[in-house]
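Remarks on the structure that follows.
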Amino acid sequence: MSTKINFIPFIKRLSRSKTAFFGLIFLCFMLLVAIFAGVIAPYAFSEQDLLNTLATPSMEHPFGTDEFGRDVLSRIIYGSRISLLVGFISVAIALVFGGFLGAVAGFFGGRTDHYIMRVMDVFLAIPQLLFAISVAATLGPGLGNLMLAVGVAAIPQYARVVRAGVLSIRSLDYIEASTASGGGKFYIIFKHILPNCAAPLIVQSTLGVAFAILVAAGLSFIGLGLEPPNPEWGAMLSTGREYIRDFPHLTIFPGLAIMLTILSLNFLGDGLRDVLDPKLRR
Amino acid sequence: MIKENDYILTTESLYKEFKTKKGVVHAVDGVDLAIRRGETLGLVGESGCGKSTLGRVIVNLIEATSGKMEANGEDIINPSRKRLKQIRKNMQIVFQDPYSSLDPRMNVKDLIQEPLRLNAKELSREAQDNRVLELMDIVGLSRSRINAYPHELDGGRRQRIGIARALSLNPSFLVLDEPVSALDVCIQAQILNLLKDLQNEFELTYLFITHDLSVVHHVSDRIAVMYLGKIVEIADYKNIFTNPSHPYTQALLSAISVINKKDSQKKIILEGDVPSPINPPPGCRFEGRCFLNKTEQCRSEAPPLKEIAPGHFAACYLIG
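Those protein sequence lines, which keep their order, are chains D and L. Per our numbering, numbering through the first sequence is continuous, rising by one, with the last residue being 321. Per our numbering, numbering through the second sequence is continuous, rising by one, with the last residue being 1192.
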């Protein structure tokens, strides 16, 4: 297979860029935190200590406690599960459906292209957050619905990126050469066209994960995400907002978690774009 | 040896039209061609005359609008998908630009193996790998380059990959679409020699498309001259170069730059431009730029190819 990547040199090339390497390390760290949340969290995410509410950071509670006396650090650790899950799954939904629609539209062109892309244009005319809000409001709260809302809202963007890539590659000689070697239409789409427009797609996807985490946080912020007492970074920000003047640690720590995760995703996206282009390999 | 009447491929009034917003482009406009087994037929013409389109129609990369086409006596015009796969094993094409005709994300091995993987599924992995190495030897690519990517190789090596791909299924007929025009002159010679050796070794037949007369002179047994979608002259290469009959061929040959040209060989300078293939003139395509004494017939009726000497055909009323 042409697109197989040898893992070790891949990491080596990626680590040439310090920012991308930081992104990768931080994301791996977050992933481990999410997987082992039950082991490393000092408290359960819903454990209340009503005698010790709104405590500022201390040895006992490194990030302080919230208005119910729940440990903020533990809630952020458990919240990483939800944020990462929502981010990756919703982008996967958007990538699969948007990518397929865009590839078909770009490759077959003509009427197929016209119908698919006009529908996408209609969806693009609605602001993505608004669209996600309306889907989430229709489906009701819950983790699955949250991922679906964020994912569906992002489909048109991916369709557009993939279509643009397919259009620019479809007319190149090596596509014709593959036809001459006996390659069928779907073989050519999957073997030649998609790998060659993967670079912008990967960048878009990592940025998309970041955006999905933000949208999910936004939806939780306005109460359309997960129901309490489930810890979610956006929801934590939302409740912390009321106490922001006197107890800023309630917003600073979940905010930092969101920011660092998104920043490392963006760094990683940039680094991946350089690594995945064989012309830039030295 | 090349036999007079043993044709590997024939076309009869082959047409290819493209519908555009401005009108119908007559890219290939009634081409009768007969290619003998084992020969190299050079197809020359200026840019836009339809020679590449003709090559692509012949290997069924583009559907013909109408006409007849036979390979080894079997009809191959616009075949079904299943049939097309079989036909393509026997007929392959080498593309002009080795910089854009190879997928930049595939290495040499995958590029050469692709046709095998698609068409020779009965071969085991190992057999395919061996065939790739064998093909690399055949086209003169060092085996150490097997994991290289196209951007790491120069134009000549890339074109060798293109040739290896075309040869992988043991075809008997190759369309070479300007295979050397994107290469440096010294590498051109290497590739041309390689193509000649391959022809001898594997008894290949070539349709060699080019706009470069000095290249076509080196490789061709016969030469066909194309102008605005039609073949205007066809003869063996000596006759074309020593005794060009059609006025367009004469003008084309006089354009070759020769050092110490004698004064007697005056350059023919054509006036005007090639007419648009959207609305080609009804008579002789070359009538508007011809320097012979034109007649009314030239303007109203397209001249057919006629034999003016044994094996020498030209489409002109004013000669022969």
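All C-beta atoms, glycine included, are put in the ideal place defined by N, C-alpha and C.
Three-state secondary structure (DSSP) of L215/D: Correcting the residue identity first, residue 215/D is Glu in this sequence and not Leu. Note: E215/D maps to helix in three-state DSSP.
Min CB distance D152/D to chain L below 9 Å: Judged by the 9 Å Cβ criterion, D152/D is not in contact with chain L.
Those residues which DSSP pairs with G914/L across a bridge: G914/L is bridged to F1080/L and I1095/L.
C-alpha gap between G145/D and S220/D, whole angstroms: Whole-angstrom Cα-Cα distance: 22 Å.
Distance, T912/L Cα to D1093/L Cα: One alpha carbon belongs to D1093/L, the other to T912/L, and they sit about 5 Å apart.
Residues from the region 977-1000 of chain L in contact with chain D, defined by Cβ distance under 8 Å: From the region 977-1000 of chain L, only R977, M978, N979, D982, E986, P987, L990 and N991 have a Cβ closer than 8 Å to chain D.
Within chain D, the residues that Q964/L reaches when beta carbons sit closer than 9 Å: Ordered by position in chain D, the residues that pass the 9 Å Cβ test against Q964/L are A219 and S220.
Candidates L168/D, G308/D and L304/D: closest to A70/D by CA position: Just to set this straight, residue 70/D is Leu in the shown sequence, not Ala. Looking at the Cα atoms, L304/D is the closest of the given residues.
Residue(s) in a DSSP beta bridge with K891/L: According to the DSSP secondary-structure assignment, K891/L is paired through a beta bridge with V896/L.
Beta-carbon neighbours of N235/D, restricted to chain L and to distances below 9 Å: Per Cβ cutoff of 9 Å: D975, P976 and R977.
CA-to-CA distance, G1144/L to C1170/L, given in whole angstroms: Roughly 17 Å between the two C-alpha positions.
Residue span of the beta strand (DSSP E) that contains M963/L, given as start and end: In the DSSP assignment, M963/L falls within the unbroken beta strand (DSSP E) covering M963 to V966.
Contact set between the region 924-958 of chain L and chain D, restricted to residues whose Cβ is under 7 Å from the partner: Result list: V931, L933 and K957.
Sub-9 Å separation of S924/L and I1081/L beta-carbons: Contact: yes.
Where D849/L meets chain D, residues with beta-carbon distance less than 8 Å: Since the first residue of chain L shown is 873 and the last is 1192, residue 849/L is not available in this structure.
One or two residues paired with Y879/L in a DSSP bridge: Beta-bridge pairing links Y879/L to R908/L.
Neighbour-count burial assignment, G223/D, 16 or more Cβ in a 10 Å radius: Exposed, because fewer than 16 other Cβ atoms sit within 10 Å of the Cβ of G223/D.
Interface residues of chain D facing R960/L [CB-CB closer than 8 Å]: Neighbours of R960/L in chain D, taken as residues whose beta carbon is under 8 Å from its own, are A219, S220 and G221 in chain order.
Against chain D: residues of the region 1013-1045 of chain L by CB proximity under 7 Å: Legend: CB atoms of the region 1013-1045 of chain L lying less than 7 Å from CB atoms of chain D belong to residues Y1021, H1023 and R1037.
Any C-beta of chain D under 9 Å from that of G922/L: Not an interface residue.
Own chain, CB closer than 8 Å to S41/D, minus 5 neighbours either side, in chain order: Any reading at S41/D needs caution, since the residue's pLDDT is 41, under 50, leaving its predicted position unreliable; the model's value is listed next. Excluding five sequence positions before and after S41/D, the CB atoms of its chain that fall closer than 8 Å to its own CB belong to K230 and P234, given in chain order.
Interface residues of chain C facing S972/L [CB-CB closer than 7 Å]: No chain C appears in this structure, whose protein chains are D and L.
For L905/L, the nearest candidate out of R989/L, E942/L, I1112/L and A1174/L (CA to CA): Looking from the CA of L905/L, the closest CA among R989/L, E942/L, I1112/L and A1174/L belongs to E942/L.
Proximity test, Cβ basis, 9 Å: Y282/D and chain L: It does not: the Cβ of Y282/D has no partner Cβ on chain L nearer than 9 Å.
Cβ neighbour criterion (16 or more within 10 Å) applied to M1008/L: Counting Cβ neighbours within 10 Å, M1008/L comes out buried, since at least 16 surround it.
Three-state secondary structure (DSSP) of V1106/L: Correcting the residue identity first, residue 1106/L is Ile in this sequence and not Val. The three-state secondary structure of I1106/L, taken from DSSP, is strand.
is_contact[A142/D, chain L] using C-beta, thresh 9 Å: By this cut-off, A142/D is not an interface position.
Residue ranges of each alpha helix (DSSP H) within the region 1029-1080 of chain L, 4 or longer: Runs of the alpha helix (DSSP H) inside the region 1029-1080 of chain L: 1057-1074.
Close beta carbons around L206/D, own chain, < 7 Å, minus the five adjacent residues each side: The residues are G145.
Residues of its chain near I228/D, where Cβ-Cβ distance is below 6 Å and the 5 sequence neighbours each way are ignored: If we look at I228/D and ignore the five residues flanking it on each side, its Cβ neighbours are A142 and F146.
Test: A203/D CB closer than 9 Å to a CB of chain L: Answer no: the Cβ-Cβ gap between A203/D and chain L never drops below 9 Å.
Secondary structure of M941/L, DSSP reduced to three states: Three-state DSSP puts M941/L in a strand.
I934/L - containing alpha helix (DSSP H), residue span: No alpha helix (DSSP H) holds I934/L; DSSP gives it neither H nor E.
Opening and closing residue of the alpha helix (DSSP H) in which H326/D lies: Chain D is shown from 40 up to 321; residue 326/D falls before or after that span and cannot be answered.
Rounded straight-line distance, which links the Cα of K957/L to that of K43/D: Confidence at K43/D is low in this model, with a pLDDT of 48, below 50, so its placement is unreliable and the value that follows should be read with caution. In a straight line, the C-alpha of K43/D is about 28 Å away from that of K957/L.
Top-ranked residue by Cα proximity to A133/D, from I50/D, Q243/D, A94/D and G273/D: Of I50/D, Q243/D, A94/D and G273/D, the residue nearest in Cα terms is Q243/D.
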